[in-house]
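Residues 14 to 261 (the numbering used here) make up the sequence shown, in order.
First comes the structure, then the notes that go with it.
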Amino acid sequence: MNLGFLIKESGKEIKLDFGRKVESKKRYLSELLKDKVILDLENSKKLLKKKGDVLVYEVYNLWKFDEFAKKFLENFGLMMDITLLKQGVFSLKEEGEAFCTYGHAHQKNLGEVYQVLKNDCFLLLTHKKTFNSYLIKIKEGYSFFIHPSFIHRLISGKKDSVILNFVPEDAGHDYDVVKNKGFPFHVFYDNKKKLYFKENRKYPEAGLILVEKIEKFDALKLAKKNPKKLRKILRRPKDIYDLTKNYL
């Protein structure tokens, strides 16, 4: 499936080439800091003061400008987006809280699927009621379905990552669920780039499980071969549960 852009990688950094100027929704350090969806506010403020308003990630709504994605939305009711998540930490040091997306939940009982197109990253899931959380490592070429009972965000790996998502157009996005709170657990890198976690005291005690291995599933291939099946899965939480019950 031609997604209408090229991934150009140089070292740890990635640029997307659409062959023309396209708009994206950019999320900067200042916004994540202002809304307190980051845990380490002190070091984030130091980073902002010293380095300026650092770009953390940007989202391209393919369904707004790509002809294939427009038709896919029209025919199957699924929106396609691309997230370019920058690698880095919210700190002036080499160690600190990992770059991440804002995070959200769905307003309706509908799912979503992420597929990593370039470079490994992590998906953090938090159950809306129990706050039990799961950190899923998603390797390049792998996909993971998100049940609507989970709040979710992407966490950066050791390089910039490119992630494709499919989501029903009527799922709705609830950002207030994490605004001024963040997540029960936040991901950090030490000076050797090893992961560790810090608990967020704004939440009651909950558990965290790290899932480092998942079965390979290609959502992009499914979208190409059987888009109706993909739509059915995303609109039926039971189907998503059946696909992810071995991990959650």
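In this text, a Cβ means the ideal position worked out from N, Cα and C, and glycines have one as well.
| Query | Result |
| --- | --- |
| Among residues of its own chain, excluding the 5 on either side of residue 183, which ones have a beta-carbon nearer than 8 Å to its beta-carbon? | 90, 121, 123 |
| DSSP three-state call for residue 161: helix, strand or coil? | coil |
| Here's the rule I'm using: 16 or more other beta-carbon atoms within 10 Å means buried, otherwise exposed. How should residue 27 be labelled? | buried |
| In the structure shown, what three-state DSSP assignment does residue 148 receive? | strand |
| Please report the straight-line C-alpha distance between residue 248 and residue 126, rounded to a whole angstrom. | 11 Å |
| Go ahead and pull the three-state DSSP assignment for residue 25. | coil |
| Ignoring anything shorter than 3 residues, give me the beta strand (DSSP E) runs that lie fully in the stretch 26-93, in order along the chain. | 26-30, 38-41, 68-74 |
| State the Cα-Cα distance for the pair residue 147 and residue 108, rounded to the nearest angstrom. | 22 Å |
| Does residue 187 come out as helix, strand or coil in the three-state DSSP assignment? | strand |
| In its own chain, which residues sit with a C-beta less than 8 Å from the C-beta of residue 25, not counting the 5 before and 5 after it? | 100, 171, 172, 173 |
| State buried or exposed for residue 305, treating a residue as buried only when at least 16 other CB atoms are found within 10 Å of its CB. | This structure cannot speak to residue 305, because the chain is shown only from 14 to 261. |
| Near residue 50, which residues of its chain fall below 7 Å by C-beta distance, leaving aside the five closest residues on each side in sequence? | 115, 116, 191, 192, 195 |
| Buried or exposed for residue 79, going by 16 or more other Cβ atoms inside 10 Å? | buried |
| Just reading off the alpha helix (DSSP H) that residue 233 is part of, what are its end residues? | 232-238 |
| Mapping the DSSP letters down to three states, classify residue 257 as helix, strand or coil. | helix |
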